[in-house]
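*Asks:*
Residue numbers (my numbering): 186 to 380.
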């Protein structure tokens, strides 16, 4: 019965060759691009917040474009527009969940544009998560540092911009039918042809 457990080295080699051929047809995984974009978004966000806390907190707003755009440091325990200030822990859990989902999706990622979109989303989520974990009062309830004030809109930070741009790019890619694997989803026409 022991001979049943013996593997065929020829078929194993062929199977590995088939896997390599399939990966070659799709291109390279884009995990490194995702991580690079996430790292850059995270570093820029974190650096900007450190500078804002050191230079702007407790000072008058700095007008950048007349009354349209100002730099003004605030601490936001909620989400965009200050919504949900009492549910900071919920936003922390959501940020962790987003990061875990993106990391799981990275295994199937062969599309450069999707890697950029998910990298922006991951970097932004980690930037705001860092504030929630380590800024006062700490322990999953920290307030996010926001400082980009757009008149009649909201006060945001660069993590928020990364999340927004990543989300917008995801919508465009989904609308265009671009898959995570780098393929384009083709819709069938009623007559049997492809669109």
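Note that CB positions come from ideal geometry on N, CA and C, so glycine has one too.
1. Could you spell out where the alpha helix (DSSP H) holding residue 284 opens and where it closes?
2. Just tell me which of 369, 328, 318 and 309 has its CA closest to the CA of residue 345.
3. Would you call the segment 354-368 and the segment 272-286 in contact, with 3 or more CB pairs under 8 Å?
4. What do you reckon, are the CB atoms on residue 240 and residue 330 nearer than 8 Å?
5. I'd like the list of long-range same chain contacts for residue 381, defined as Cβ closer than 7 Å, with 5 residues on each side in sequence excluded.
6. In the structure shown, what three-state DSSP assignment does residue 319 receive?
7. If I measure Cβ to Cβ from residue 255 and keep anything under 6 Å in the same chain, skipping five residues before and after, which residues do I get?
8. What do you get for residue 347, buried or exposed, if any count of 16 or more other CB atoms within 10 angstroms of its CB means buried?
9. Around the C-beta of residue 276, are 16 or more other C-beta atoms found within 10 angstroms, so that it is buried, or is it exposed?
10. Leaving out the 5 sequence neighbours to the left and right, which residues in its chain are closer than 7 Å to residue 287 when beta-carbon positions are compared?
11. Please list the terminal residues of the continuous alpha helix (DSSP H) segment that includes residue 325.
12. Which same chain residues end up closer than 8 Å to residue 290 when comparing Cβ atoms and leaving out the 5 residues on each side of it in sequence?
*Replies:* Reading it off the structure:
1. Run containing residue 284: 273-290, per the alpha helix (DSSP H) assignment.
2. The residue from 369, 328, 318 and 309 with its alpha-carbon nearest to that of residue 345 is 309.
3. Look at the beta carbons and you see the segment 354-368 not touching the segment 272-286: under three pairs across the two are nearer than 8 Å.
4. By the CB criterion at 8 Å, residue 240 and residue 330 fall outside the cutoff.
5. The structure shown does not extend to residue 381, since the chain spans only 186 to 380, so no value can be given for it.
6. Secondary structure at residue 319: helix, using DSSP grouped into helix, strand and coil.
7. If we look at residue 255 and ignore the five residues flanking it on each side, its Cβ neighbours are 246, 248 and 334.
8. Around the CB of residue 347, 16 or more other CB atoms lie within 10 Å, so the residue is classed as buried.
9. Taking a 10 Å sphere around the C-beta of residue 276, we find 16 or more other C-beta atoms and assign the residue as buried.
10. Only 303, 306 and 307 meet the Cβ criterion.
11. No alpha helix (DSSP H) contains residue 325, which DSSP labels as neither H nor E.
12. So the list reads 303 and 365, once near-sequence residues are dropped.
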